[in-house]
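Residue numbers (my numbering): 158 to 484. For every residue, glycine included, the Cβ atom is placed at its ideal position computed from N, Cα and C. Presented below is the structure to which this report refers.
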């Protein structure tokens, strides 16, 4: 009897610890992100200079863009990662950062692997992500979304989403109540709702974003540690235009810095609202995918979100590049 009581007590303490950790994660996702403004500065670039396509640059073996001096831009698919917050508004300042929050490794995997599997419908990727970040029951997803999830995630990750060895995991929002939208999304999935529009109404608020702190312009450049510049222009929560500026003289004649290529890879990361309460956007594949030159980059490590080579990426016909797909 004593052994049984001790086991039960240990189990309850474990659950309490998990709930506490979940509360901290949810609180992290609910707070505005305040950034060091010293990294914001204006590069010396003519205001009337027209950007080239980022897609014209070669890519690394892991899919990042191998940079060369110049001014570039491209549009990328994005996904709502913070249900219950407003759609990005015109004038919102956005910058890049890592994925954070509940099940961030799984979210990162979905985003990164959506680049290799461009035939997966963007709606299905978003439904999967809403299920993941809200802690909904994976088994309640439609068979089509579950099938696409199996292409974007490892069997171990799917097993975790199904609850692992302790059954269906309850969402962090049940413990904290910080984002009630997560609870409502859970209920919709639980009752078998597969309506994208119904879930979207809960996840993406159609109201102006609220400025929490002033000081950054919407077109402000963000200096990276390698001393090139990036800025983000969300086009609603489904698309983002990203511009990159690499100053002349930053790279040598071989387009290297200190003997290494400089790689920019927004996929698998998150676009944050700098000083508003708008959506946090997970960045996925480019809107228009084309065949590019591959350069082996020695020091570029594959991020953990990428699914191991248990399957080959889908073949691409260079004579028929994939165009944008609606969501």
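Assumed close pair residue i, residue j - CB separation to whole angstroms, cut-off 8 Å
| i | j | result |
| --- | --- | --- |
| residue 379 | residue 280 | With 8 Å as the limit, residue 379 and residue 280 do not qualify as a contact, their Cβ atoms being about 30 Å apart. |
| residue 240 | residue 290 | 7 Å |
| residue 442 | residue 272 | 4 Å |
| residue 230 | residue 400 | 4 Å |
| residue 411 | residue 221 | Not quite, the Cβ-Cβ distance comes to about 17 Å (not below 8 Å), so this is no contact. |
| residue 389 | residue 251 | 4 Å |
| residue 436 | residue 245 | 6 Å |
| residue 284 | residue 302 | 5 Å |
Residue i classed as buried or exposed, judged by whether at least 16 other C-beta atoms fall within 10 angstroms
| i | result |
| --- | --- |
| residue 248 | exposed |
| residue 201 | exposed |
| residue 195 | Here the model assigns residue 195 a pLDDT of 45, short of 50, so the residue's position is not dependable and the matter cannot be decided. |
| residue 260 | buried |
| residue 415 | exposed |
| residue 451 | exposed |
| residue 292 | buried |
| residue 430 | buried |
| residue 364 | exposed |
| residue 366 | buried |
Simplified DSSP state of residue i, which is helix, strand or coil
| i | result |
| --- | --- |
| residue 445 | coil |
| residue 253 | strand |
| residue 422 | coil |
| residue 232 | strand |
| residue 178 | Only weak support is given to the placement of residue 178: the predicted model assigns it a pLDDT of 39, under 50, and the question is left unresolved by the model. |
| residue 432 | coil |
| residue 365 | coil |
| residue 312 | helix |
| residue 217 | strand |
| residue 202 | coil |
Neighbourhood of residue i by C-beta, 8 Å cutoff - its chain only, sequence neighbours within 5 removed
| i | result |
| --- | --- |
| residue 369 | 189, 432, 433, 434 |
| residue 235 | 391, 394, 395, 396, 397, 428, 438, 439, 440, 441 |
Pairwise C-alpha distance: residue j and residue i
| i | j | result |
| --- | --- | --- |
| residue 417 | residue 295 | 42 Å |
| residue 199 | residue 223 | 23 Å |
| residue 217 | residue 204 | 30 Å |
| residue 407 | residue 212 | 20 Å |
| residue 342 | residue 425 | 23 Å |
| residue 270 | residue 386 | 25 Å |
| residue 403 | residue 383 | 10 Å |
| residue 347 | residue 255 | 30 Å |
| residue 360 | residue 409 | 46 Å |
| residue 330 | residue 237 | A caution first: residue 330 carries a pLDDT of 39, below 50, which makes its placement in the model too unreliable to give a value. |
| residue 372 | residue 304 | 45 Å |
| residue 312 | residue 278 | 20 Å |
| residue 420 | residue 206 | 23 Å |
| residue 276 | residue 299 | 17 Å |
| residue 310 | residue 287 | 15 Å |
| residue 337 | residue 349 | 19 Å |
| residue 179 | residue 339 | Any answer about residue 179 is weak, because its pLDDT of 39 lies below 50 and its placement is not dependable; what the coordinates show is given next. So the alpha carbons of these two residues sit roughly 14 Å apart. |
| residue 446 | residue 219 | 15 Å |
Same chain, Cβ closer than 6 Å to residue i, five either side skipped, listed in chain order
| i | result |
| --- | --- |
| residue 263 | 289, 314 |
| residue 282 | 271 |
| residue 215 | 223, 449, 450, 452 |
| residue 168 | Confidence at residue 168 is low in this model, with a pLDDT of 37, below 50, so its placement is unreliable and no value can be given for it. |
Cutoff 7 Å; reference residue i; Cβ partners in own chain excluding five residues on either side
| i | result |
| --- | --- |
| residue 319 | 295, 296 |
| residue 375 | 248, 249, 250 |
| residue 208 | 228, 229, 230, 400 |
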